[in-house]
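Numbering (the working numbering), first residue to last: -8 to 329.
For reference, the structure is listed below as structure tokens.
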Amino acid sequence: MIVVMKKGASALEISNVIARVQADGYQAHLTEGDERTIIGLVGESPTPLREDNYSTMGGVDNVMRVSVPYKLTSREYHPADTQVALNGSKAGGSKVLVIAGPCSVESREQTIEIACAVKEAGATALRGGAFKPRTSPYSFQGHGETGLKWLAEARERTGLPIVTEVMDPGLVPLVAQYADVLQVGARNMQNFVLLSEVGKSQQTVLLKRGMANTMEDLLMSAEYILAQGNKRVMLCERGIRTFEKYTRNTFDINAIPVLKARTHLPVIADPSHAVGYSEYVTSIALAAVAAGADGLIVEVHPTPERALSDGRQSLNYDGFKQMMARIRLVAEAVGRTA
Ligand code: PEP
Ligand code: MN
């Protein structure tokens, strides 16, 4: 249930509602909009919720039931787009956020070089994995904390905020020391302990959709993070597994407008993992922007054929520059910039 306060409701009226929510055994989540405050009631309690108990309180405009199980994540609870700030840029505004970089960070020099190259081509953030979730235990697992240090150095040089994956709930504080955005990968989308930990960290999170998960599963996973009081969450459509074999995954373009309708959180598209082949990445990126994605996360490598992971889907510098030029045209056609 959500309690919408009247415009100009006093601080005392708001705190009275919060006290009532707590006395009923629920948690009160506050959203302060430009004009009015909304109080979300979440949790389980033996006390049944009655609209009347709240609608008659001072300063209350109306009381609504949220019909979906992901309360704080829903548009019903928070009608306006949430904008997630990232070192001077933001996701969820009119500018399409472009996060670019290698699948894995491979060396100090290369990380800095890629950061400079993607920045020059117009990227707004740098991606790079230091802890890699590989399907095979024999594949390259990433450089760990050393890789995080290289990313931090690349940020110092370029000013680009860092997006990097955290897989282990116990390592959230370590990764959060270096990263601007904690990526939760597709394979960990329903690692609920990890979700709660990234929520508690209050760090910005990029939550990727699992390859066999529905949009509702994704929204419920986001709810775990928001339930910890962390509203800085971006969702990511990165392709789902289907019977199709000519591509690595199937990009679910439906997810872009449908998620945008159901949640206030920014929606990012990952055309690299979605299609899996560099020659198709730009087409999928263009489609995602046309469909309303708030941003893109794209794999870029100076020599994709020698990359330690995901080379087949990585754009080289020229490919990334060309993608950016075309993204700007599509962004403009749909009333955005890039
Ligand atoms: C990645 O971003 O390199 C990655 C492993 O992505 P996903 O979790 O979507 O497979
Ligand atoms: Mn990858």
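Idealized CB from N, CA, C, for every residue including glycine.
Buried versus exposed call for residue i [16 or more other C-beta atoms within 10 Å across all chains shown]
i, result
"A284", "buried"
"Q168", "exposed"
"V325", "exposed"
"N44", "exposed"
"A10", "exposed"
"D171", "buried"
"N245", "exposed"
"Y268", "exposed"
"T137", "exposed"
"N179", "buried"
"T328", "exposed"
"D25", "exposed"
"F242", "buried"
"A2", "exposed"
"S6", "exposed"
"L142", "buried"
"S300", "buried"
"P130", "Note on residue identity: the sequence assigns Ser, not Pro, to residue 130. So S130 counts as exposed."
"S127", "exposed"
"A177", "buried"
"S192", "buried"
"T205", "exposed"
"S98", "exposed"
Assumed close pair residue i, residue j - CB separation to whole angstroms, cut-off 8 Å
i, j, result
"A116", "P152", "5 Å"
"G16", "P37", "7 Å"
"A203", "R232", "6 Å"
"Q304", "T273", "About 12 Å separates the two Cβ atoms, so there is no contact after all."
"R56", "M(-8)", "6 Å"
"V291", "F311", "5 Å"
"V12", "L32", "5 Å"
"T195", "A145", "Their Cβ separation, rounded to whole angstroms, is 18 Å, which puts T195 and A145 out of contact at 8 Å."
"G135", "M315", "Contact doesn't hold; Cβ gap of about 31 Å is too wide."
"V157", "V163", "6 Å"
"R27", "V(-6)", "Incorrect: roughly 11 Å between the Cβ atoms, too far for contact."
"Q181", "D208", "7 Å"
"L63", "L217", "4 Å"
"K110", "T149", "5 Å"
Start-to-end residues for the alpha helix (DSSP H) that takes in residue i
i, result
"M180", "Segment: none, M180 is in no alpha helix (DSSP H) and carries neither H nor E."
"Q313", "308 to 324"
"H255", "Element bounds for H255: n/a, residue is neither H nor E."
"I216", "206 to 217"
"V157", "Here V157 belongs to no alpha helix (DSSP H), and DSSP marks it neither H nor E."
"I9", "2 to 14"
"L139", "136 to 149"
"L226", "Segment 224 to 228 is the beta strand (DSSP E) holding L226; no alpha helix (DSSP H) there."
"D43", "42 to 46"
"Y268", "Y268 -> no alpha helix (DSSP H), and no H or E assigned at all."
"P164", "163 to 169"
"T102", "99 to 112"
N- and C-terminal bounds of the beta strand (DSSP E) containing residue i
i, result
"S80", "80 to 82"
"D52", "51 to 55"
"T195", "195 to 199"
"I29", "28 to 33"
"R118", "116 to 118"
"A19", "18 to 23"
"E290", "286 to 290"
"G92", "88 to 92"
"A76", "75 to 77"
"V379", "This structure does not reach residue 379, given that the chain is present from -8 up to 329, and the question cannot be answered."
Contact set for residue i: own chain, Cβ-Cβ below 8 Å, skip 5 residues either direction
i, result
"P248", "A282, G283"
"Y215", "F183, L186, S187, G190"
"P70", "H255"
"Q132", "F122, K123, R125"
"L77", "L88, T115, A116, P152, D171, V172, T195"
"E42", "M(-8), V54, R56"
"P293", "Q101, E104, I105, A108, N307, Y308"
"K81", "Q74, V75, L88"
Residues near residue i by beta carbon distance below 6 Å, same chain, minus five either side
i, result
"K140", "none"
"A108", "Y308"
"Y61", "L210, M211, E214"
"T22", "I29, H69"
"C227", "L197, K199, I259, D261"
"G84", "Q74"
"S263", "V272, V289, E290, Q304"
"G201", "A177, M180"
"T238", "V266, G267"
"G34", "Y17, Q18"
Beta-carbon contacts of residue i that lie in its chain and below 7 Å, excluding the five residues immediately before and after
i, result
"K251", "V258, G283"
"L165", "E136"
"V321", "L277, V280, A281"
Test: residue i CB closer than 8 Å to a CB of chain B
i, result
"E97", "In the displayed structure, chain B is absent; only one protein chain is listed."
Exercise. Answer yes if the stretch 206 to 222 comes into contact with the stretch 44 to 56, meaning at least three C-beta pairs across the two stretches below 8 Å, and no otherwise.
Key: no
Exercise. Inspect the CB distances between the stretch 80 to 96 and the stretch 114 to 130 and report whether three or more fall short of 8 Å.
Key: A contact exists between the stretch 80 to 96 and the stretch 114 to 130.
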